[in-house]
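J.: Residue numbers (the numbering used here): 1 to 438.
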Ligand code: ADP
């Protein structure tokens, strides 16, 4: 199917390719031809009528429009309607500029599906897109190609959502919008089709995370709840008069109730921190005092486990802008984890180091460490290397997620390094308050 003329009466070709323009474009060929003929006539190699006849043929041939590149020609035709609106700039340039300026990945296709224009984002989204190629060379999704075909045939816009696995997992939405350049044109036969792609990956991931989070949180609460209900039934029935069993069961029930309340506390903390994520805490807090306090609070647990917590609480104050309670929470979680999971190393070292305008607080243990494949996922909610071990230790699976969110609210960075078998180091980088109080 050939490109249809966009303006009534087919006048738009004349707008672009006037006779005068063609003569000007062919002036060198014409000049050479006429000069040759004149020379031939002068030398009487050919008779004058033949020379005149040849010159006239040459002149006629020069008026035949030069074969333009099909894409440029198609664009020029599309732009015919615009040309009448006293366009100051070349119209095909304006149409291309419009498609290029669109914030989404966008391509303009002719009715046969040839790519006329593609913006930079389109080149990033559909790597192999090339001007002048059929869109099917670049887009391999049958549903999208079918939507393009159908929209070009009936002039109705279409939307297709699809996912791709290669080169990376992503979800995209393709919008196929038929375009007519003149109001009176046949509505069933658009002049062009605009194909745009909208990346839904972030949105889908966020939705998935929300669904996973609710599922995980319910599961975490349901497990101790089921255990509590089970023990209540047993105490009401078979173990009604068994004093020994009752004592044992009540202890387990108290543990499960504590676990539930820890989980609810952690969930509430997390949502409170997220709510205030955009507000950077302003107060001046001394990290030496904060960490000293955490060490004192956790020293009974450390002693119980035979672990030494090494920290120089006598060093000069190190001030950061922050929220004291939240920073205490960060170091409590990190030191508690070091005791819970790395306690077998017998020692936990906490150090404060100045690095330029930053201060790095690191918590290092000498336990079994963490395999590299787990490192990037440790701060995900409910992610645990060993779920049973975490539960045994009273873990909720939210500790590091809370740490990450607090550190982010302080505009700091959390990093983890570990050599399996040699322990793990969790480091929190915060910007220190300078002498001038900045
Ligand atoms: P939890 O409540 O399970 O402790 P966290 O978010 O605090 O949850 O930690 C997530 C997981 O990271 C833990 O379950 C544990 O598997 C692992 N982890 C955290 N700190 C350490 C550490 N110092 N050594 C080894 N593993 C650790």
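Cβ coordinates follow ideal geometry from the N, Cα and C atoms, glycine included. These numbers come from a predicted model, not from an experiment.
Check the DSSP bridge columns for residue 197 and list the partner residues they point to.
T.: For residue 197, which the question treats as bridged, DSSP gives the partners 105 and 174.
J.: Less than 7 Å separating the Cβ of residue 370 from some heavy atom of the ligand ADP?
T.: Checking every heavy atom of the ligand ADP against the Cβ of residue 370, one is found closer than 7 Å.
J.: For the beta strand (DSSP E) containing residue 439, list its first residue and its last residue.
T.: There is simply no residue 439 to check, as the chain begins at 1 and stops at 438 in what is shown.
J.: Give the secondary structure of residue 415 by DSSP, where H, G and I count as helix, E and B as strand, and everything else as coil.
T.: DSSP places residue 415 in strand when its eight states are reduced to three.
J.: Any heavy atom of the ligand ADP within a distance shorter than 7 Å of the CB on residue 347?
T.: False, no ligand heavy atom lies under 7 Å from that Cβ.
J.: Considering only the beta carbon of each residue, do residue 100 and residue 126 sit closer than 8 Å?
T.: No. Outside cutoff.
J.: Check whether the segment 297–311 touches the segment 345–365, taking contact to mean three or more Cβ pairs, one atom from each stretch, closer than 8 Å.
T.: With a cut-off of 8 Å, the segment 345–365 and the segment 297–311 count as touching, because enough Cβ pairs lie within range.
J.: Does DSSP classify residue 157 as helix, strand or coil?
T.: Residue 157 falls in the coil class under three-state DSSP.
J.: In three-state DSSP terms, what is residue 317?
T.: Residue 317: coil per DSSP, three-state reduction.
J.: Am I right that residue 429 and residue 412 are in contact with their C-beta atoms under 8 Å? What's the rounded C-beta distance?
T.: Confirmed, Cβ separation roughly 5 Å.
J.: Could you check the C-alpha separation between residue 342 and residue 104 for me, to the nearest Å?
T.: Cα to Cα, residue 342 sits roughly 49 Å from residue 104.
J.: What residue range is occupied by the uninterrupted beta strand (DSSP E) comprising residue 116?
T.: Residues 115–118.
J.: Going by beta carbon distance, what residues of the same chain come within less than 6 Å of residue 259, once the five residues before and after it are set aside?
T.: Within the same chain, residue 259 has close Cβ partners 224.
J.: Assess contact between the segment 394–410 and the segment 283–303, defined as three or more Cβ pairs (one per stretch) separated by less than 8 Å. Is contact present?
T.: Cβ pair count under 8 Å is below three, so no.
J.: To test your reading of the DSSP string, which unbroken beta strand (DSSP E) runs of 3 or more residues are found completely within the segment 188–244?
T.: Runs of the beta strand (DSSP E) inside the segment 188–244: 192–199.
J.: Quick one: what does DSSP say residue 379 is sitting in, helix, strand or coil?
T.: Residue state, collapsed to three classes: coil.
J.: By Cβ distance, which residues of its chain are closer than 7 Å to residue 194, with the 5 residues on each side in sequence left out?
T.: Closer than 7 Å at the Cβ level, and outside the excluded window around residue 194, lie 106, 108, 177 and 179.
J.: So, at 8 Å on beta carbons, what are the nonlocal neighbours of residue 151 in its own chain, with the 5 sequence-adjacent residues on each side left out?
T.: Excluding residues within five positions, the ones whose Cβ falls inside 8 Å are 157, 158, 176, 177, 178, 190 and 193.
J.: Within 10 angstroms of its Cβ, does residue 405 collect 16 or more other Cβ (buried), or is it exposed?
T.: By the neighbour-count rule (16 or more Cβ atoms within 10 Å), residue 405 is buried.
J.: Mapping the DSSP letters down to three states, classify residue 164 as helix, strand or coil.
T.: Looking at residue 164 - three-state DSSP - the assignment turns out to be strand.
J.: Would residue 273 be called buried (16 or more neighbouring beta carbons within 10 Å of its own) or exposed?
T.: Buried is the call here.
J.: Would you call the segment 351–365 and the segment 323–339 touching, i.e. three or more CB-CB distances under 8 Å?
T.: The segment 351–365, when compared against the segment 323–339, does touch it at the 8 Å Cβ threshold.
J.: Identify every residue that forms a DSSP beta bridge with residue 286.
T.: In DSSP, residue 286 forms a bridge with 319.
J.: By a C-beta neighbour count over all protein chains shown, 10 Å radius and 16 as the cutoff for buried, is residue 410 buried or exposed?
T.: Result: buried.
J.: Please classify residue 119 as buried or exposed, where buried requires at least 16 neighbouring CB atoms within 10 angstroms.
T.: Buried.
J.: My output table needs one value for residue 426: the three-state DSSP class, helix, strand or coil.
T.: Strand, per DSSP.
J.: With a threshold of 16 other CB atoms inside 10 Å of the CB of residue 168, please say whether the residue is buried or exposed.
T.: Label assigned to residue 168: exposed.
J.: Taking 7 Å as the limit between beta carbons, can you name the residues of its chain near residue 216, skipping five residues before and five after?
T.: So the list reads 381 and 382, once near-sequence residues are dropped.
J.: For residue 310, does the three-state DSSP call read helix, strand or coil?
T.: If DSSP states are grouped into helix, strand and coil, residue 310 belongs with the strands.
J.: Just the Cα atoms here: how many angstroms apart are residue 5 and residue 147?
T.: Model confidence at residue 5 stands at a pLDDT of 33, short of 50, so the residue's coordinates are unreliable; what they give is reported in the following sentence. For residue 5 and residue 147, the distance between alpha carbons rounds to 23 Å.
J.: Among 203, 128 and 319, which residue has its Cα nearest to the Cα of residue 138?
T.: It is 128 whose Cα lies nearest to the Cα of residue 138.
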